[in-house]
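K.L.:
Take a look at the following structure, please.
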Amino acid sequence: MKEMLSGNEAIARGAYEAGIKVASAYPGTPSTEILENIVQYKEIDASWAPNEKVALEVGIGASFGGARALVAMKHVGVNVAADPLFTLAYTGVKGGLVFVTADDPELHSSQNEQDNRNYARFAKVPMLEPADSQECKDFTRLAVEISEQFDTPVMLRTTTRISHSKSVVTLGEPAGGLPAPALERNPAKYVMLPGNARIRHRFVEERTDRLADFGETLAINRVEMRSTEIGVITVGVAYQYVREVLPEASVLKLGMVWPLPAGLIRRFAAQVDKLYVVEELDPFIEDQVKAMGIPAIGKEIIPICGELTPAILRTAFNLPQTATTEPERLPGRPPNMCPGCPHRGVFYTLNSLKAYVTGDIGCYTLGFMPPLSAMDTCVCMGASIGNATGITKVVSPEERQKVVAVIGDSTFLHSGITGLLDMVYNKAPATVVILDNRITAMTGRQENPASGYTLMGEETFQVDLAQLCNTLGVQHVRTVDPYDLADTKRVLQEEMARPEPSVVITQRPCVLIKREGAFERGESQAVDFEICSGCKACLKLGCPAIIWQPSEGERGKAMIDPLLCTGCEVCAQLCKFSAIKALR
Numbered sequence: 002m003k004e005m006l007s008g009n010e011a012i013a014r015g016a017y018e019a020g021i022k023v024a025s026a027y028p029g030t031p032s033t034e035i036l037e038n039i040v041q042y043k044e045i046d047a048s049w050a051p052n053e054k055v056a057l058e059v060g061i062g063a064s065f066g067g068a069r070a071l072v073a074m075k076h077v078g079v080n081v082a083a084d085p086l087f088t089l090a091y092t093g094v095k096g097g098l099v100f101v102t103a104d105d106p107e108l109h110s111s112q113n114e115q116d117n118r119n120y121a122r123f124a125k126v127p128m129l130e131p132a133d134s135q136e137c138k139d140f141t142r143l144a145v146e147i148s149e150q151f152d153t154p155v156m157l158r159t160t161t162r163i164s165h166s167k168s169v170v171t172l173g174e175p176a177g178g179l180p181a182p183a184l185e186r187n188p189a190k191y192v193m194l195p196g197n198a199r200i201r202h203r204f205v206e207e208r209t210d211r212l213a214d215f216g217e218t219l220a221i222n223r224v225e226m227r228s229t230e231i232g233v234i235t236v237g238v239a240y241q242y243v244r245e246v247l248p249e250a251s252v253l254k255l256g257m258v259w260p261l262p263a264g265l266i267r268r269f270a271a272q273v274d275k276l277y278v279v280e281e282l283d284p285f286i287e288d289q290v291k292a293m294g295i296p297a298i299g300k301e302i303i304p305i306c307g308e309l310t311p312a313i314l315r316t317a318f319n320l321p322q323t324a325t326t327e328p329e330r331l332p333g334r335p336p337n338m339c340p341g342c343p344h345r346g347v348f349y350t351l352n353s354l355k356a357y358v359t360g361d362i363g364c365y366t367l368g369f370m371p372p373l374s375a376m377d378t379c380v381c382m383g384a385s386i387g388n389a390t391g392i393t394k395v396v397s398p399e400e401r402q403k404v405v406a407v408i409g410d411s412t413f414l415h416s417g418i419t420g421l422l423d424m425v426y427n428k429a430p431a432t433v434v435i436l437d438n439r440i441t442a443m444t445g446r447q448e449n450p451a452s453g454y455t456l457m458g459e460e461t462f463q464v465d466l467a468q469l470c471n472t473l474g475v476q477h478v479r480t481v482d483p484y485d486l487a488d489t490k491r492v493l494q495e496e497m498a499r500p501e502p503s504v505v506i507t508q509r510p511c512v513l514i515k516r517e518g519a520f521e522r523g524e525s526q527a528v529d530f531e532i533c534s535g536c537k538a539c540l541k542l543g544c545p546a547i548i549w550q551p552s553e554g555e556r557g558k559a560m561i562d563p564l565l566c567t568g569c570e571v572c573a574q575l576c577k578f579s580a581i582k583a584l585r
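In terms of this note's numbering, the sequence shown has 321 at position 320, counting the first letter as 1, and numbering is strictly consecutive.
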């Protein structure tokens, strides 16, 4: 049976066919849909974790218990999970463990463009990299088998183009006859005290050598001999582009990118006149090939930044472009918060207060964009609070009162809690705003411990953010409705003036939550053209529902699209002429 699947859907199918019993993840583009598709396989216990480190620790526990496990995250999430990963490389596994890293060349939805093949080499664990959806499914199953055969976690690397594009996949039957999970004591293997770890380190080095030998004959490392004038070593989606642009070239397609099969590479290089390495981002393979003393051309012509495309490869190889017509250019559309987003009024208020805002990762990072323009820093998940603490240590007392950290509910639970604990412990006089919209909105409305629901849609414990902040030692925690601009401004002013740590929780559900009772649409607003003065005050919100009509009146007038308006009434609060009212 064949189906058209995306890479993420195929990995989910591969997990099912491989007999995975536990899957854990923190949502992050482009990896999110792996867990969202795994939930259809009821044989797998799938769950969102509060962060990637916890997700991996859950997977490790399942593996130690004898079950096969899969953990998924985007590339920057591996930074969060790196601590258990490096020791997991030493302990090894019992049940097979697949660790998916979904990298994001071109930064479609990320704060950096890191190449996580370096993590496999750094942590000394094997890494597989598929080139289409069929390989996504097959490599997931193969990764489990390699994991158990070599007593190691296996990283599976995808990129955005592989994660989200679709191709035909032949489905298989799930693995059968797997041993039942059971507790088995083996502290010499699983307790990494120095005495045990020293022994396991030697095992890790020997394992890497054995994996390199294994890769020499592994079928997913394959040579496709054609013309011997040009030979290309390539991997992942770059393989597809090489086949399209250089159809006559001989190709060494690597399915296992770490450790590399040195003998196979040498034999392939000896058969071609000129050797190229085509890969996205870092010269990961190229550097190793050159370190073997093999002449190769790579980043001299292949860009090191961003995604590759067939057009880029044609330029690199001085080949004519195939497109004969320019694609139609669409009007520019800057990213923007949704109409009725509860974060919009908060950033408008912070801008009006001239706050210095340390931001965080989520859809609220769009508070950086004009006209809100209310974010001054943004580094990584959970960094906003620590950034605020650090800034208050060095600026004047007057400037300290301007420092506000902004963080979403999901991000706060991901890695903001310890930052707030440090802020309290070290008496940093900054204000933290927790934008509580009861969902992980940026990645597509995934549940989190503050939403009260699991990935499977079951009701569960809902964390009380105010109580949690109190428990961390914050003496001043206040909750406001971000749709009430006057009250939000008053509370923020009071807390920013307070010479000690404080937290303001802005509480309104995301307008995109479909769960009944979570978000209730208000009455759509309309502009009375007879009253509108054309002052443009309402445009300062940047709400997509507000449209400027330059031909109306002497100065132009605003109008509101009733289909987009959610009835939040924030714009009406800005209109000094009361020209914005409910549409009757």
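For each residue, glycine too, the CB sits at the ideal point set by N, CA and C.
Keep in mind that this is a model prediction, so the values were computed, not measured.
Under the three-state reduction of DSSP, which class applies to Ser397: helix, strand or coil?
P.N.:
In the sequence shown, the residue the question calls residue 397 occupies position 396. Of the three classes helix, strand and coil, the one that applies to Ser397 here is coil, per DSSP.
K.L.:
Please find out if some non-hydrogen atom of the ligand FAD comes closer than 7 Å to the beta-carbon of Thr480.
P.N.:
The ligand content of the structure shown is nil, which means the ligand FAD is not present either.
K.L.:
Going by DSSP, what residue range makes up the alpha helix (DSSP H) through Gln289?
P.N.:
Here the question's residue 289 lines up with position 288 in the sequence shown. Here the alpha helix (DSSP H) through Gln289 covers 285-292.
K.L.:
Kindly confirm or deny that the region 222-234 and the region 118-129 touch, where touching means at least three C-beta pairs closer than 8 Å.
P.N.:
Result no; under three Cβ-Cβ pairs closer than 8 Å.
K.L.:
Determine which residues share a DSSP beta bridge with Gly232 and list them.
P.N.:
In the sequence shown, the residue the question calls residue 232 occupies position 231. Its beta-bridge partners are Ser251, Leu276.
K.L.:
Would DSSP call Gly409 helix, strand or coil?
P.N.:
Locating residue 409 in the sequence shown gives position 408, counting from the first residue. Correct three-state label for Gly409: strand.
K.L.:
For Trp49, count neighbouring C-beta atoms within 10 Å of its own C-beta (all shown protein chains included) and say buried if the count is 16 or more, exposed if not.
P.N.:
Taking the first residue of the sequence shown as position 1, residue 49 is located at position 48. Classification for Trp49: buried.
K.L.:
Kindly list the residues whose CB is nearer than 6 Å to the CB of Thr359, restricted to its own chain and excluding five residues on each side of it in sequence; keep chain order.
P.N.:
Position 358 of the sequence shown, counted from the start, is the residue given in the question as residue 359. Contacts found: Thr378, Ser385, Asn388, Ala389, Ala406.
K.L.:
Between which two residues does the alpha helix (DSSP H) containing Gln150 stretch?
P.N.:
Sequence index remark: in the sequence shown, residue 150 carries index 149 (1-based). Gln150 -> alpha helix (DSSP H) spans 134-151.
K.L.:
Please go through the same chain and pick out, in chain order, the residues whose beta-carbon is closer than 6 Å to the beta-carbon of Thr88, but skip the five residues on each side of it.
P.N.:
Counting from one through the sequence shown, the residue named residue 88 turns up at place 87. So the list reads Met193, once near-sequence residues are dropped.
K.L.:
Identify the continuous alpha helix (DSSP H) that holds Gln574 and give its terminal residues.
P.N.:
The residue labelled residue 574 in the question sits at position 573 within the sequence shown. From DSSP, the alpha helix (DSSP H) with Gln574 extends over 571-575.
K.L.:
With a 10 Å radius around its C-beta and 16 neighbouring C-beta atoms as the bar for buried, classify Arg201 as buried or exposed.
P.N.:
As a working mapping, residue 201 is identified with position 200 in the sequence shown. Classification for Arg201: buried.
K.L.:
Do three or more CB pairs link the region 454-473 to the region 532-548 at distances below 8 Å?
P.N.:
The region 454-473, when compared against the region 532-548, does not touch it at the 8 Å Cβ threshold.
K.L.:
Once the 5 residues before and after Thr323 are set aside, which same chain residues still bring their CB inside 7 Å of it?
P.N.:
Counting from one through the sequence shown, the residue named residue 323 turns up at place 322. If we look at Thr323 and ignore the five residues flanking it on each side, it has no Cβ neighbours.
K.L.:
Taking all protein chains shown into account, do 16 or more other C-beta atoms lie within 10 angstroms of the C-beta of Val180, making it buried, or fewer, making it exposed?
P.N.:
Translated into the one-based positions of the sequence shown, residue 180 becomes position 179. Note on identity: in this sequence residue 180 is Pro, with Val being the wrong assignment. Per the 10 Å Cβ criterion, exposed.
K.L.:
Counting C-beta neighbours from all protein chains within 10 Å, is the total for Lys190 16 or more, i.e. buried, or is it exposed?
P.N.:
Within the sequence shown, residue 190 is the residue found at index 189, counting from 1. Under this definition Lys190 is a buried residue.
K.L.:
For Asp529, which of helix, strand or coil comes out of DSSP?
P.N.:
Here residue 529 refers to the residue found at position 528 when the sequence shown is read from its first residue. Coil at Asp529, not helix or strand.
K.L.:
In angstroms, rounded to a whole number, what distance separates the CA positions of Pro1 and Gly383?
P.N.:
Beyond the ends of the chain as shown, which are 2 and 585, falls residue 1; an answer cannot be given.
K.L.:
If we ignore side chains and look at the alpha-carbon of each, how far apart do Ala73 and Met497 end up?
P.N.:
Indexing the sequence shown from 1 puts residue 73 at position 72. Indexing the sequence shown from 1 puts residue 497 at position 496. One C-alpha to the other measures close to 39 Å.
K.L.:
Could you check whether Leu421 and Cys470 sit closer than 8 Å to each other, using their CB atoms as the reference points?
P.N.:
The residue labelled residue 470 in the question sits at position 469 within the sequence shown. The residue labelled residue 421 in the question sits at position 420 within the sequence shown. Their beta carbons are under 8 Å apart, which means Cys470 touches Leu421 by this criterion.
K.L.:
Roughly how many angstroms lie between the CA atoms of Lys138 and Gly299, to the nearest whole one?
P.N.:
Here residue 138 refers to the residue found at position 137 when the sequence shown is read from its first residue. Here residue 299 refers to the residue found at position 298 when the sequence shown is read from its first residue. About 29 Å.
K.L.:
Decide if Pro588 is buried, meaning its Cβ has at least 16 other Cβ atoms within 10 Å, or exposed.
P.N.:
The requested residue 588 does not occur in the structure, where the chain is confined to residues 2 to 585.
K.L.:
Assess contact between the region 487-506 and the region 546-556, defined as three or more Cβ pairs (one per stretch) separated by less than 8 Å. Is contact present?
P.N.:
No: the two stretches stay apart, fewer than three of their Cβ pairs being nearer than 8 Å.
K.L.:
Can you tell me whether Gln322 is helix, strand or coil according to DSSP?
P.N.:
The residue given as residue 322 occupies position 321 in the sequence shown. Correct three-state label for Gln322: coil.
K.L.:
In angstroms with no decimal places, state the Cα-to-Cα distance between Ser1 and Gly8.
P.N.:
Past the boundaries of the shown model lies residue 1; the chain is included only from 2 to 585, so the question cannot be answered.
K.L.:
What residue range is occupied by the uninterrupted beta strand (DSSP E) comprising Arg158?
P.N.:
Mapped onto the sequence shown, residue 158 falls at position 157. Element bounds for Arg158: 155-160.
K.L.:
Can you list, in chain order, the residues of its chain whose CB lies under 8 Å from that of Pro188, leaving out five sequence neighbours each side?
P.N.:
Mapped onto the sequence shown, residue 188 falls at position 187. Cβ neighbours of Pro188 beyond the five flanking positions: Asn197.
K.L.:
Do you know offhand how far Glu524's Cα is from Ile581's?
P.N.:
Counted from its first residue, the sequence shown places residue 524 at position 523. Counted from its first residue, the sequence shown places residue 581 at position 580. C-alpha separation (whole angstroms): 12 Å.
K.L.:
Below 7 Å CB to CB, which residues in the same chain sit around Lys291 once its five sequence neighbours on both sides are set aside?
P.N.:
For this step, residue 291 is matched to residue 290 along the sequence shown. Same-chain partners within the cutoff: Ala297.
K.L.:
Residues in the same chain with beta-carbon distance under 6 Å from Lys95, minus the five sequence neighbours each way, listed in chain order, please.
P.N.:
Position 94 of the sequence shown, counted from the start, is the residue given in the question as residue 95. Answer for Lys95: Ser64, Phe65, Gly67, listed in chain order.
K.L.:
Would a C-beta distance cut-off of 8 Å place Thr159 and Val101 closer than the cut-off?
P.N.:
By one-based count along the sequence shown, residue 159 stands at place 158. By one-based count along the sequence shown, residue 101 stands at place 100. Yes, these two residues count as a Cβ contact at 8 Å.
K.L.:
As a quick exercise: from Leu436, Asp274, Val425, Glu448, pick the residue whose alpha carbon is nearest that of Gln476.
P.N.:
Working through the sequence shown from its first residue, we reach residue 476 at position 475. Comparing Cα-Cα distances from Gln476 to each of Leu436, Asp274, Val425, Glu448, the minimum goes to Val425.
K.L.:
Just how far apart, CA to CA, sit Gln241 and Leu157?
P.N.:
For the purposes of this step, residue 241 is identified with residue 240 of the sequence shown, where counting begins at 1. For the purposes of this step, residue 157 is identified with residue 156 of the sequence shown, where counting begins at 1. Computed Cα separation, rounded: 18 Å.
K.L.:
Since Pro106 and Glu281 are thought to touch, with beta carbons under 8 Å apart, how far apart are those beta carbons, to the nearest angstrom?
P.N.:
The count along the sequence shown starts at 1 and reaches residue 106 at position 105. The count along the sequence shown starts at 1 and reaches residue 281 at position 280. Rounded, the Cβ-Cβ distance is 5 Å, consistent with contact.
K.L.:
Report all residues from its chain with a CB closer than 7 Å to the CB of Asn113; omit the five preceding and five following residues, and keep chain order.
P.N.:
Against the sequence shown, residue 113 aligns to sequence position 112. Here the set comprises Val77.
K.L.:
Measuring CA to CA, which of His344, Glu301, Leu184, Tyr42 is closest to Val505?
P.N.:
As a working note, residue 505 is residue 504 in the sequence shown. Of the candidates His344, Glu301, Leu184, Tyr42, the one whose C-alpha sits nearest the C-alpha of Val505 is His344.
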